[in-house]
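Protein chains in written order, with the working numbering: chain P, -9 to 113; chain W, 1349 to 1595. Just below is one structure, and these are the notes that go with it.
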């Protein structure tokens, strides 16, 4: 499944970063999912536990922030939100637009819990 | 300071996240929870390998095309004809991906090109690491054009940069003219769109004008080839397009 590959990529990145931190267990992973990224946020949330299970961040929860598509219209010069998936300016109808945001998936931050408490699998 | 994430900065607490429960930062003694800002793209690992692939290809004068379509759109046949047409003129290489078997690689053999099959088994797309491992052999074979025939899939391959210079989206006339609306990501990212199996038009209700209109809505200005690998119709334009990368 597509979102599983993405979830595994998130897990790999976070496990690598967390290993360098020694800040306790990862409790939350905050991710931005762009509207043009081709990833379905609900599906990603559903498969994340399967990807993280058995790793150093097993049990961490994934918090997804949806990022809408924003474009700059080169015709009317406005920064607008197009009506996905049509990359046209909703103000003037021009298709001469430049995508400003919404293409990416980004791991924004990781939240660590205090030590002790929950059981974790070690790597 | 950690050079991966700059953790020498002061920790900050953010409360503006989505989620069904309030996040309480006070977990009791000892100590507070810490928030580490990362701002790292999810596919950063794949993208880094892809960037390395692209640099390697540039260094060796190889133009790389990532051919993406639904399964059964005619990627392999169009590649068969392409390799035949370019044989002796432009040294070509093909990396072809499927879940199982080397059937596509075997179809592409004996046409003067270096050909290699990748069986992904579980993965529904090729990734940059797959290509990275084969690039030295592609360069050693003296290829100037590398065709990557991705796993048949209109969804996932769009997200995974392989280090190509261009994505090519293929769409067969049997798939319906509204495919670009339903699978917009790949059509918006492709450098060109290739309509395939045009010889079947008399048997279908496929509306070419509508197909072009829908493609234009998703990707204004993208060039659309109309081809039949079977009859050869429209293939000369495709070969001319490829020629320009090596001239």
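Ideal Cβ placement from N, Cα and C applies to all residues, glycine included. Owing to the predicted nature of the structure, the values given are computational and were not obtained by experimental measurement.
For residue i, I'd like the list of residues in its chain whose CB is within less than 8 Å of its CB, leaving aside the five on either flank, ordered along the chain.
| i | result |
| --- | --- |
| residue 3 (chain P) | 97 |
| residue 1547 (chain W) | 1576, 1578, 1579 and 1581 |
| residue 80 (chain P) | 70, 71, 72 and 73 |
| residue 1420 (chain W) | 1500 and 1520 |
Residues in its own chain within less than 6 Å of residue i by CB, not counting five upstream and five downstream?
| i | result |
| --- | --- |
| residue 51 (chain P) | 18 |
| residue 1465 (chain W) | 1444, 1450 and 1453 |
| residue 1486 (chain W) | 1441 and 1494 |
| residue 1 (chain P) | 41, 42 and 45 |
| residue 1567 (chain W) | 1535 and 1536 |
With a threshold of 7 Å on Cβ separation, who are the neighbours of residue i within its own chain once the five nearest residues in sequence on each side are excluded?
| i | result |
| --- | --- |
| residue 31 (chain P) | 23, 54 and 56 |
| residue 1408 (chain W) | 1487 |
| residue 1423 (chain W) | 1415, 1417, 1497 and 1518 |
| residue 16 (chain P) | 4, 8, 47, 50, 100 and 102 |
| residue 1477 (chain W) | 1397 |
In this structure, does DSSP put residue i in helix, strand or coil?
| i | result |
| --- | --- |
| residue 90 (chain P) | strand |
| residue 1587 (chain W) | helix |
| residue 1517 (chain W) | strand |
| residue 65 (chain P) | coil |
| residue 38 (chain P) | helix |
| residue 1533 (chain W) | helix |
| residue 117 (chain P) | Any property of residue 117 (chain P) remains undetermined from this structure, which presents chain P solely from -9 to 113. |
| residue 103 (chain P) | coil |
| residue 1558 (chain W) | helix |
| residue 30 (chain P) | coil |
| residue 1578 (chain W) | coil |
| residue 1354 (chain W) | Reliability fails at residue 1354 (chain W), whose pLDDT of 45 lies under 50, so the model's placement of it is uncertain and the value that follows must be treated cautiously. Correct three-state label for residue 1354 (chain W): coil. |
| residue 17 (chain P) | strand |
| residue 1564 (chain W) | helix |
| residue 1527 (chain W) | helix |
| residue 52 (chain P) | strand |
| residue 1594 (chain W) | coil |
| residue 10 (chain P) | helix |
Do we get a CB-CB distance below 9 Å when we pair residue i with the residues of chain W?
| i | result |
| --- | --- |
| residue 0 (chain P) | yes |
| residue 26 (chain P) | yes |
| residue 95 (chain P) | yes |
| residue 49 (chain P) | no |
| residue 11 (chain P) | yes |
| residue 77 (chain P) | yes |
| residue 98 (chain P) | yes |
| residue 92 (chain P) | no |
| residue 64 (chain P) | no |
| residue 38 (chain P) | no |
| residue -5 (chain P) | yes |
| residue 21 (chain P) | yes |
| residue 70 (chain P) | no |
| residue 7 (chain P) | yes |
With DSSP as the reference, identify every bridge partner of residue i, one or two as the case may be.
| i | result |
| --- | --- |
| residue 3 (chain P) | Answer is none; residue 3 (chain P) lacks a bridge partner. |
| residue 95 (chain P) | P:23 |
| residue 1571 (chain W) | W:1540 |
| residue 77 (chain P) | DSSP output for residue 77 (chain P) lists no bridge partner at all. |
| residue 57 (chain P) | P:24 |
| residue 70 (chain P) | P:61 |
Could you check whether the Cβ of residue i sits closer than 9 Å to any Cβ belonging to chain P?
| i | result |
| --- | --- |
| residue 1576 (chain W) | no |
| residue 1508 (chain W) | yes |
| residue 1388 (chain W) | yes |
| residue 1419 (chain W) | no |
| residue 1398 (chain W) | no |
| residue 1401 (chain W) | no |
| residue 1564 (chain W) | yes |
| residue 1558 (chain W) | no |
| residue 1524 (chain W) | no |
| residue 1474 (chain W) | no |
| residue 1440 (chain W) | no |
| residue 1382 (chain W) | yes |
| residue 1567 (chain W) | yes |
| residue 1414 (chain W) | no |
Inside the region 1372 to 1435 of chain W only - alpha helix (DSSP H) runs reaching at least 4 residues: 1392 to 1407 and 1423 to 1434
Those runs of the alpha helix (DSSP H) which lie wholly inside the region 1432 to 1498 of chain W and span at least 4 residues: 1451 to 1456 and 1476 to 1488
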